[in-house]
């Protein structure tokens, strides 16, 4: 026999109350002087014969208390079969809060069904029972730890604030935690989770505790079939700072988590929430495809780009967003050595010419580019940090005079968010570069030597059309603007092993690094294995020259804080200069705004939401001045760790059910029916009441007999 | 002979015999139901044959008989000398035996049992002395047994009242001793009035009472009941302290005991009544809350009725 509400059994101790009352009243007896002691003794002699009856009366009173307690505890007779339960033990609800629970039609997702079933489940527990709620979210945590049910309504209300979080669920890890908590106690564990194979991975290896029985119930609400389940796993723009009206290339990675191939799935691009373009993609099950989309921004400022798929089994992972800063112009400062006055002694001449070409206005006879401002100016004197502050990109090449002071100024410039292009042409002194820029941390890779080949010779080097690292120069691999493999470089720098944190963006055809990038502070240093000029190469006559130039300069200008971050990563925005915003707050979807903390940083004020946000999407920081405001878009992209809805295969399911002794149900009604069917005995509640009434009648009869 | 009057009517003595009680008792008389035996001439028939106006029988003359008692008329008719015998009227001797054990201190009826017993004794003494009979007093308890020999003098009432008033109830019951002493002392036959609550072990007392009755005394039992002792109005745990035995206690749950006690109380009373009826002893029982003079008046009327039937 067991009890529906065994916690009431503590009240059995109240059974001593009649005994205590007996002795208390006896102790507090009324003193009376008595004369008729003879009569009293004769009566007492008869009463002693009734002592047994008195004892019986006391026992009856104790029994009344005990049976009353038993009535409240609701005795039930049932065996301890796994399916037989319904109450009386510590209950733990393990709720799968991973985003795969959002699979299904809106309003009827697996999560909606799971929550409704869980509400019914916890609402069936009466007052005084103990339960816990373990939520497998980000991070997995106890929402309720061994809480007493006050009212079923209150228990249900505790579930209201919960919603799936952007994470994957591991029942095995959750059960390890939960079973440690339940050690030494009779426990019922209700697993409210979908049948996702990833969720149930390694469950059969969970070590079950010895001792009191732990019973498992699995409430698995039906979600959606896994037939069509694509996800946008990644969205990257080639640069986070691009020029207005200038092509920006977006790379959208789409993965097919479904069981069937998907043909011509449409990927929509949205800029600032408005439709921009659409591309089709076909993906095989378990495969990924990258869709490359060109996006152009008409207006300078902050913009948000979203890649979106049509609705499928799991809508949550069908979109990804990225933030981008569109610049009206790219200010390029080329450091020149005044001692070297030759036209092609540095990149300045070439870049100034390129700038002029690229800034031809509409109406000119043959504009090379429709828009985009490239303002190139040379810095003749040795600049300090203040002189560099206004430039988006600073270019250093063989025509620049390198001094320790300049290295310090460059370091401060880069740390403050500036972009530095180191163009290692054939006139540089590798030793001086390695000696000055290397110790300052400004060299992504050491320059080993300068290689040369006579113009027209056969031992030139060419860029590779594949093997691009990252997206910065990846646009060049499509050959839309010319085949970079047809480039011929007759002088080059042999770069050594990239430093820690450095990335090779492009390589020569022989695999040697051509462009190596490294973030330093808030800025970026881009080291090119060639000069930005038209000496010793054929760049000037190739169509890809200007795209290459733009991409190189944009890659270098992509300094500052990132506009696309992962959930949990800090959201930062750097204001350069005085008169920064008075307040900044971050919003994402319908979530309440979060205020960004501000602190002084190099050259300005850094606004930061250190904890970041816990969910993917297109977020924005609203910057407020006294007389104006501005919105800065951020893309939050999480890992698609829970997109695979592949269900447990029957064998794994059988093993898990066997290991845990699972009782499965797809709804509360089914679970309730199974719980009730598990009763092999009957509830003794009415018998307990009958016994109580009988004992009460006996007590009253005994009392009456004495009076 | 003037009516005996206590010197004081106020204070303890006056409390025992109030003027109202005296007025109520003034017209009552206690006659002996059995043959009285006394030295004084009085209103009660005596076993002694002697001087009286009431003829009893004739007896043959024996030498030595006073010639003045010869019934000459009867002797002439039968030619044999007969002597006239008359029933001698004598004074009644009443001995009042008052139980002054500590159990008589029960006082839930407004007056303690002992006070009511004293009032009964005082009233009887007044009544008896008022009809020129002899009255004595025995006050008995384990603490002291007080004897006041029967007298018919006026001061006897005062002595009795003083004895009753000056001695309170105390100690264990010695009624059996008192009665045994009466048996052993002998003395003139008369009335033995025993005034007590009779809530004690009865066998020894009954043995002595029956001996007195056998000797020729008339025994009257006055039982005074305490309402609380009779009703037993308790419904909780009570620690009963024995009045007669210091330190003796009974801690009892009175709820189951109440019915048993009441039954036993009535049984004890019934046993006394049955025993008294068996020995032709009057058993007068009344609650301490009642009026003593009314009880005595009722009893005297009852007794007069009995005597009248004879």
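Residue numbers (the numbering used here), protein chains in the order written: chain L, 461 to 1167; chain X, 7 to 316.
C-beta atoms are modelled at their ideal positions from N, C-alpha and C, and glycine is treated no differently.
Check: Proximity test, Cβ basis, 9 angstroms: residue 615 of chain L and chain X; Outcome: no
Check: C-beta neighbour in chain X for residue 1159 of chain L, strict 9 angstroms; Outcome: no
Check: Contact list for the region 103-132 of chain X against chain L, Cβ threshold 9 angstroms; Outcome: 107, 108, 109, 110, 111, 112 and 119
Check: Inter-residue Cα distance where the pair is residue 484 of chain L and residue 262 of chain X; Outcome: 17 angstroms
Check: Which of helix, strand or coil DSSP assigns to residue 272 of chain X; Outcome: helix
Check: Within chain X, partners of residue 485 of chain L - CB distance below 7 angstroms; Outcome: 242 and 243
Check: Residues near residue 743 of chain L in its chain [Cβ-Cβ closer than 8 angstroms; skip 5 each side]; Outcome: 690, 714, 715, 716, 721, 722, 725 and 749
Check: Residue of X/178, X/306, X/198 and X/280 minimising C-alpha distance to residue 100 of chain X; Outcome: X/198
Check: The ligand NAP heavy atom lying under 8 angstroms from the CB of residue 601 of chain L; Outcome: With respect to the ligand NAP, the structure shown offers nothing to examine, as it has no ligands at all.
Check: For residue 927 of chain L, the residue or residues it bridges with in DSSP; Outcome: According to DSSP, which records beta bridges pairwise, residue 927 of chain L is partnered with nothing at all.
Check: Residue 258 of chain X: contacting residues in chain L (beta-carbon distance under 7 angstroms); Outcome: 504
Check: Any chain L beta carbon closer than 9 angstroms to residue 156 of chain X; Outcome: no
Check: Cβ of residue 492 of chain L within 9 angstroms of any chain X Cβ; Outcome: yes
Check: CA-to-CA distance, residue 922 of chain L to residue 884 of chain L, given in whole angstroms; Outcome: 16 angstroms
Check: Inter-residue spacing [alpha-carbon to alpha-carbon] between residue 751 of chain L and residue 604 of chain L; Outcome: 45 angstroms
Check: Interface flag, residue 26 of chain X vs chain L, CB-CB below 9 angstroms; Outcome: no
Check: Per-residue contacts from residue 500 of chain L into chain X (C-beta, under 7 angstroms); Outcome: 246, 256 and 267
Check: 8 angstroms contact criterion, which residue 608 of chain L and residue 586 of chain L should meet: CB distance rounded; Outcome: Wrong, their Cβ atoms sit about 11 angstroms apart, outside the cutoff.
Check: Residues bridged to residue 552 of chain L [DSSP beta-bridge criterion]; Outcome: L/592 and L/649
Check: Ordered list of alpha helix (DSSP H) runs contained in the region 664-713 of chain L, each at least 4 residues; Outcome: none
Check: When L/1078, L/929, L/1136 and L/1115 are compared against residue 972 of chain L, the one with the closest alpha-carbon; Outcome: L/929
Check: Three-state class that DSSP yields for residue 223 of chain X in the structure shown; Outcome: coil
Check: Contacts of residue 203 of chain X in chain L (Cβ-Cβ under 9 angstroms); Outcome: 495 and 496
Check: Reduced DSSP category for residue 580 of chain L - H, G, I as helix; E, B as strand; rest coil; Outcome: helix
Check: The region 1093-1100 of chain L / the region 637-657 of chain L touching (three or more Cβ pairs under 8 angstroms); Outcome: no
Check: Proximal chain L residues relative to residue 206 of chain X, where beta-carbon distance stays under 7 angstroms; Outcome: 498
Check: Range of the contiguous beta strand (DSSP E) that encloses residue 1125 of chain L; Outcome: 1122-1125
Check: Where residue 505 of chain L falls: helix, strand or coil (DSSP); Outcome: helix
Check: Which of helix, strand or coil DSSP assigns to residue 560 of chain L; Outcome: helix
Check: Within chain L, the residues that residue 211 of chain X reaches when beta carbons sit closer than 8 angstroms; Outcome: Those do not exist, as residue 211 of chain X stays about 11 angstroms from chain L at its closest Cβ, beyond 8 angstroms.
Check: Contact check, residue 697 of chain L vs residue 787 of chain L, beta carbons under 9 angstroms; Outcome: no
Check: Residue environment, residue 481 of chain L, which counts as buried when at least 16 other CB atoms sit within 10 Å; Outcome: exposed
Check: Pairwise C-alpha distance: residue 235 of chain X and residue 54 of chain X; Outcome: Because the pLDDT of residue 54 of chain X is 48, which lies under 50, any placement of that residue in the model is unreliable, and the number read from its coordinates should be weighed accordingly. Looking at the two C-alpha atoms, the distance is approximately 45 angstroms.
Check: 8 angstroms CB neighbourhood of residue 1075 of chain L in its chain, flanking five on each side removed; Outcome: 625, 626, 1027, 1048, 1049, 1051, 1096 and 1098
Check: Outcome for residue 1084 of chain L when other beta-carbon atoms lying within 10 angstroms are tallied against a minimum of 16; Outcome: exposed
Check: Residue 986 of chain L beta carbon less than 9 angstroms from that of residue 1009 of chain L; Outcome: no
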